[in-house]
Each structure stands twice: as C-alpha cells, then as structure tokens.
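Residue numbers for the sequence shown follow the working numbering, beginning at 43 and rising by one. Structure first, commentary second.
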Amino acid sequence: MSLVILLNRSNSLTSALSTWRKLVISAGAITAATVTHGYHNNRIRGWPQVYKRSYQGFRTMDTPPDVFQGVKDRYLGVTVDGNQQDIADKAQFCEKLHKSLAFWRENKNRTIWFRVYKKQADWVPILAEAGFDFHHARSGVVTMYLWLPKDEPSNLPSYAHTLLGVGGLVINENNEVLVVSDKHAIAKDIWKLPGGYVEPKENLVDSAVREVMEETGIRTTFRSMVCLRHSHGGNFGCSDIYVIIALNPLNLETTPCEREIARVKWMPLDEYFCHPQVLEANRLFVRTYLDYQKRGLDFTCSSMVHSLLKKEYKLYYVAPEKDSNKEVPKL
43 MSLVILLNRS NSLTSALSTW RKLVISAGAI TAATVTHGYH NNRIRGWPQV
93 YKRSYQGFRT MDTPPDVFQG VKDRYLGVTV DGNQQDIADK AQFCEKLHKS
143 LAFWRENKNR TIWFRVYKKQ ADWVPILAEA GFDFHHARSG VVTMYLWLPK
193 DEPSNLPSYA HTLLGVGGLV INENNEVLVV SDKHAIAKDI WKLPGGYVEP
243 KENLVDSAVR EVMEETGIRT TFRSMVCLRH SHGGNFGCSD IYVIIALNPL
293 NLETTPCERE IARVKWMPLD EYFCHPQVLE ANRLFVRTYL DYQKRGLDFT
343 CSSMVHSLLK KEYKLYYVAP EKDSNKEVPK L
C-alpha cells in the first residue's frame, strides 16, 4: 500500500484510535499517568516505587541442601544463578547437578535456566553434556537452558533478535533540517539524520534526544513520532527497527562529535529535498513529518501505568489536536 493511500486514510485512523483509547481506558486496562501531548523524561514524578515492577514474577524455590538453589517462575521454570552457589570443584558441581535434575524432574519443573559467569566457565561443558543448550550471552555471563518435559514441545521464546535505533529529525525556525555525515559510513559523504542505537532500558525519545546531543551538540525536546523502518539481516544476524522522532531544537550552534561525525550542518529544506547526497528514504521521513503537521496530526507519546501490572510504559499514538503555536515549515 502506498504512502499516499495510508495518509489519505489518516482521518479514519485518528477517529478509530481516539475511540480505542476511550474504550481501553474506561475498561481499566490502562491508567493514564500523564495524558498529554508532551513527553516527560524519566520515571513519572509523584508515583511510588511500587509502579516499577517486572512482567515476570519469581519466587525462591524450596529445595533440599544437595540441590541447586534457584527461583521459580509462573511457567514452572527454575532459574539458577551461578553466583549464588557454593561449589568447591567440578566434581561437586557434577554430583549436585545430577541430584538437582532428578529433583526438578520429580517436581515436574519445565525449563531449567542456568546463569554461568566467566569465572565458572568450566561448568559450561558439564551442562552441555547434561543436555543444556545456549540461550543468550552478555558480557561476563552466559545463560544455558534445558527443557525437561518429554510430552510437549518446547515453546521457549527466542532471545532479543531485533536491534533498535532512532533518528532525530530536527527542523529549526529557519526551515533548516539538522544533518550529519558519519566518519565510518558505508557510503562516504552521505548526509543523514543524527541518531544511533537505543541503550538498554532507554526510552525511544530519550535515546533520540541523547543521540542528537552527542553527535551534534544540539539540545532538543520531543515534538512527534514520524515513522519507522523495519529490515532484516543486520549486525549479528539481527533484524533492525529504525524509528524517526521529530524534535524541537533548543540551540542552534553545532558541535560535532569528533569520534563519529565528519560534518554537521543545518541544511535548508529546499536543498535537502534535491541534494544528491541525501538518500530518498531520508527525504521521505521529512516529507511525512511535514505532511502530518499540515494536516494537524500529532503522533504523540504519553506515560502510562498498567492498572494490573502497575508498570510504567510509553504509549505512542496519533492525536488529532494541532499545536497552533508551531509554524509548519513550507515544502
């Protein structure tokens, strides 16, 4: 479906989303902590710490002294953390693992998760021989797993398989867009939007603001979501999602990051739309944002708290209100 058709349907989409939001909120599925068309960084002020709770619940499992101590989850799984175990040598580890597996099978546990740290690397071949496989790894620790049930196939989720990046679309009052040229780009001298990867536990908007500041020295505030790009076959064999976020500049003097950025400049929109070193996708990002603004569409972000999980999250949605105080740049 073309972008033109999608945009022509935006009024219907806006109406549908508005109805959906009213129904969901009235049904109690979510509770609005801040229902505004601005974005608030960090945790919601005034909310108690109880609202920061994970989706997965764990409880310490009662086990005999010759069985590895672990925590159980709601799926009848058991997670064993290597740092919480007192093991003298490999022989003791082998013996305790054998007794633990017998206990877990009798207890009808399903998945056994084992976190092995770098200092315990000699446990890895022992676990592998016992049937454990690798699930994921981070610096200093690898998590191995064993699916115990014989009468049902494994339905374990894959580990994170998609990288997440952001691009900051910053347009100033002079109808100029902020662009950079990377030092290590695949195609030399290409002008693009500043941006980069989202850090762990970092919100999309926070990431865009941070990346723009780090690469260009421009401080910004959130204006609107724009669009996203989804592709496959990226770094480490992962898929890739690239989210474009429009930001308002708070200063105009640029300071490029010497390590990553070769050039940074404010480029007039007229030049941007016809510059041979601006990729067509980047032109489309800006055209899409300007079209949203002309038609009063606000792809905004609100802080919400789930009424059951008591967990804060960010909701991105289309709101019909237009900020009449903002002058829309001309195409």
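Idealized CB from N, CA, C, for every residue including glycine. Here the structure is a predicted model, which means the values were calculated and not measured.
Let me know if residue 360 comes out buried or exposed under the rule of 16 or more other beta-carbons within 10 Å of its beta-carbon.
-> Sixteen is the threshold: when 16 or more other Cβ atoms of the shown chains lie within 10 Å of the Cβ of residue 360, as they do, the residue is buried.
Within its chain, find whatever has a CB closer than 6 Å to the CB of residue 358; leave out the 5 residues flanking it on each side and keep chain order.
-> If we look at residue 358 and ignore the five residues flanking it on each side, its Cβ neighbours are 267 and 343.
Give the straight-line distance between the Cα atoms of residue 155 and residue 297, rounded to the nearest whole angstrom.
-> 47 Å
Kindly confirm or deny that the region 102-112 and the region 137-153 touch, where touching means at least three C-beta pairs closer than 8 Å.
-> yes
Report yes if the C-beta distance between residue 186 and residue 193 is below 8 Å; otherwise report no.
-> no
Whole alpha helix (DSSP H) elements within the region 232-283, 4-residue minimum = Those alpha helix (DSSP H) runs which fall completely within the region 232-283 and span 4+ residues are 246-258.
Whole-angstrom distance between residue 215 and residue 303, CA atom to CA atom | 24 Å
DSSP on residue 109, reduced to helix/strand/coil?
-> For residue 109, the secondary structure class from DSSP, reduced to helix, strand or coil, is coil.
Residue 40, enclosing alpha helix (DSSP H) - first and last residue = Nothing about residue 40 can be reported from this structure: the residues present for the chain run from 43 to 373 only.
Any idea if residue 117 is buried or exposed, counting beta-carbon neighbours within 10 angstroms, 16 or more meaning buried?
-> When all chains shown are included, residue 117 counts as exposed.
If we count the other Cβ atoms within 10 Å of its Cβ and call it buried at 16 or more, is residue 173 buried or exposed?
-> Its Cβ having fewer than 16 others within 10 Å, residue 173 is exposed.
Runs of beta strand (DSSP E) wholly within the region 169-224 (minimum 3 residues, chain order) | 175-180, 183-189, 204-212 and 218-224
Which residue from 333, 103 and 300 puts its Cα closest to that of residue 120?
-> Looking from the CA of residue 120, the closest CA among 333, 103 and 300 belongs to 103.
For residue 341, the nearest candidate out of 274, 169 and 330 (CA to CA) | 330
Tell me where the alpha helix (DSSP H) around residue 328 begins and ends.
-> Run containing residue 328: 322-336, per the alpha helix (DSSP H) assignment.
Taking buried to mean at least 16 other C-beta atoms within 10 Å of its own C-beta, is residue 250 buried or exposed?
-> buried
For residue 154: DSSP bridge partner residues | 120 and 188
Does DSSP classify residue 307 as helix, strand or coil?
-> strand
Classify residue 288 as helix, strand or coil using the three-state DSSP reduction.
-> Three-state result, residue 288: strand.
Would you list the one or two residues that DSSP bridges to residue 161?
-> According to DSSP, residue 161 bridges with nothing at all.
Rounded to whole angstroms, what's the CA-CA distance from residue 328 to residue 290? Just pull it up for me.
-> Taking the straight line joining both Cα atoms gives about 14 Å.
Classify residue 361 as helix, strand or coil using the three-state DSSP reduction.
-> DSSP places residue 361 within a strand segment (E or B) once states are collapsed to three.
Are there 16 or more other CB atoms within 10 angstroms of the CB of residue 131, so buried, or fewer, so exposed?
-> With a threshold of 16 other beta carbon atoms within 10 Å, residue 131 falls short and is exposed.
Neighbourhood of residue 151 by C-beta, 8 Å cutoff - its chain only, sequence neighbours within 5 removed | 114, 118, 119, 120 and 190
Residue 223 to residue 243 span [Cα, whole Å] | Each residue's Cα considered, the two are about 28 Å apart.
Cβ pair count under 8 Å reaching 3, the region 178-185 against the region 268-276 | no
Do residue 260 and residue 270 have their C-beta atoms within less than 8 Å of each other?
-> Cβ atoms of residue 260 and residue 270: not closer than 8 Å.
Bridge-paired residues (DSSP) for residue 104 | DSSP, once it has assigned bridges, lists no residue as partnering residue 104.
Which term fits residue 236, buried or exposed, when burial requires 16 or more other beta carbons within 10 angstroms of its beta carbon?
-> buried
Cβ pair residue 230, residue 221 closer than 8 Å | no
Spatially closest choice to residue 375 from 258, 239, 335 and 181, by CA coordinates | The structure shown has nothing for residue 375, since the chain only spans 43 to 373.
6 Å CB neighbourhood of residue 124 in its chain, flanking five on each side removed = 157, 158, 159 and 162
Best match in 201, 263, 308 and 171 for proximity to residue 178 [C-alpha to C-alpha] | 201
With distances taken between CB atoms, is the gap from residue 315 to residue 305 smaller than 8 Å?
-> no
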